[in-house]
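This report refers to the structure that appears directly beneath it.
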Amino acid sequence: MSSRGVAPAKLLRARGGSSKIACAFLPARRVRISSPVPLEVLKAERKLERWRAEGRCSRCWLRHAQCVCSRLAPLAGVATNRVDVALSVHYKEWGCTKSTAKLLPLVLEGCRATVYPIEPLLPPRRGPTLLLFPGEGSQPASSLREWAAAQQERVTLVVVDGTWGQARTMARHLAGVPRVHVSESSLVKRAGESLVRHRKQPQARALGRFLPHPQP
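First residue of the sequence shown: 1, per our numbering; consecutive thereafter.
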């Protein structure tokens, strides 16, 4: 006799060697297939595969006809001899043409971009580490220049790129890393003109996107 939604009878071996029916029917259970790879990582890998198939530039993420890599020059007057910049891009932001953090490796020597969560947020080899993220407890980066110069090892500055929600998620995984932000005074030239243009942000000191301009 069979019944829909139930499993076959389960037989248990008795000590004496004979078989007996432990129960006639057991309720059918839904089997969950667990994967050693987190779902977000699988989604990220699939998106990268689709993105590579589009045939875009691997550095500026634009179509080859609009590639701006050759028009970008290294940032002048930026001293990074004591600081290594580690850029971590959320996989949902990776490949978006409007993203500007992708240009950092092109204009900043020693900067390397990784994809979260496929790759870890922190580099495997690093010295004292800071996180560029505004908010409570964050210090102006300019106030730590002497501290950075006094370190025996090179300082690692982690930069997370994504929407504010994505960036907050990434920052939560770095709860123990001291945070710094770009002060408004650091973004103003002598004549009062801003060094960068930025979009409207949801909170004070929340400078989210730098918009560099390619050279003509």
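The beta carbon of each residue, even a glycine, is placed where N, CA and C say it ideally should be.
If you're wondering where the values come from, they're calculated on a predicted model, not measured in any experiment.
Cβ neighbours of residue i in the same chain (closer than 6 Å, five flanking residues each side left out)
i	result
Val177	Thr129, Leu131
Ala167	Val160
Leu122	none
Gly95	Trp51, Trp61
His90	Tyr116, Gly162, Gln166
Pro140	Ser183
Residue i burial status per 10 Å Cβ neighbour count (16 or more: buried)
i	result
Glu93	buried
Leu87	buried
Leu75	exposed
His64	exposed
Gly135	exposed
Arg179	buried
Thr156	buried
Gly162	buried
Ala101	buried
Asp84	buried
Leu42	exposed
Leu103	buried
Ala44	buried
Ala171	buried
Thr97	exposed
Residue i: first and last residue of the uninterrupted alpha helix (DSSP H) it sits in
i	result
Arg46	39-53
Reduced DSSP secondary structure (H/G/I, E/B, other) of residue i
i	result
Ala171	helix
Ser194	Since pLDDT at Ser194 reaches only 48, below the 50 mark, its modelled position is unreliable, and the value read off the structure follows with that caveat. Strand.
Tyr116	strand
Sequence-distant residues of its chain with Cβ nearer than 8 Å to residue i (five each side left out)
i	result
Val107	Leu72, Ala73, Pro74, Leu75, Pro212
Cys57	Arg63, His64, Cys67, Cys69
Pro105	Arg59, Leu87, Cys111, Arg112, Ala113
Ile118	Val41, Ala44, Glu45, Leu48, Tyr91
Element boundaries [beta strand (DSSP E), containing residue i]
i	result
His181	179-181
Arg56	Where Arg56 is concerned, there is no enclosing beta strand (DSSP E), given that its DSSP letter is neither H nor E.
Arg63	Careful: Arg63 lies outside any beta strand (DSSP E) and carries neither H nor E.
Sequence-distant residues of the same chain with beta carbon closer than 7 Å to residue i, five excluded per side
i	result
Ser138	Arg179, Val180, His181
Beta carbon proximity, residue i to chain C, threshold 8 Å
i	result
Trp61	In summary, chain C is missing from the structure at hand, where a single protein chain is found.
Next on the checklist: Could you tell me which whole beta strand (DSSP E) segments of length 3 or greater appear in the segment 66-108?
Outcome noted: Listed in chain order, the complete beta strand (DSSP E) runs (minimum 3 residues) inside the segment 66-108 are 83-90.
Item to check | Whole beta strand (DSSP E) elements within the segment 120-167, 3-residue minimum | outcome: Taking only runs of at least 3 residues, the beta strand (DSSP E) segments lying wholly in the segment 120-167 are 129-132, 155-161.
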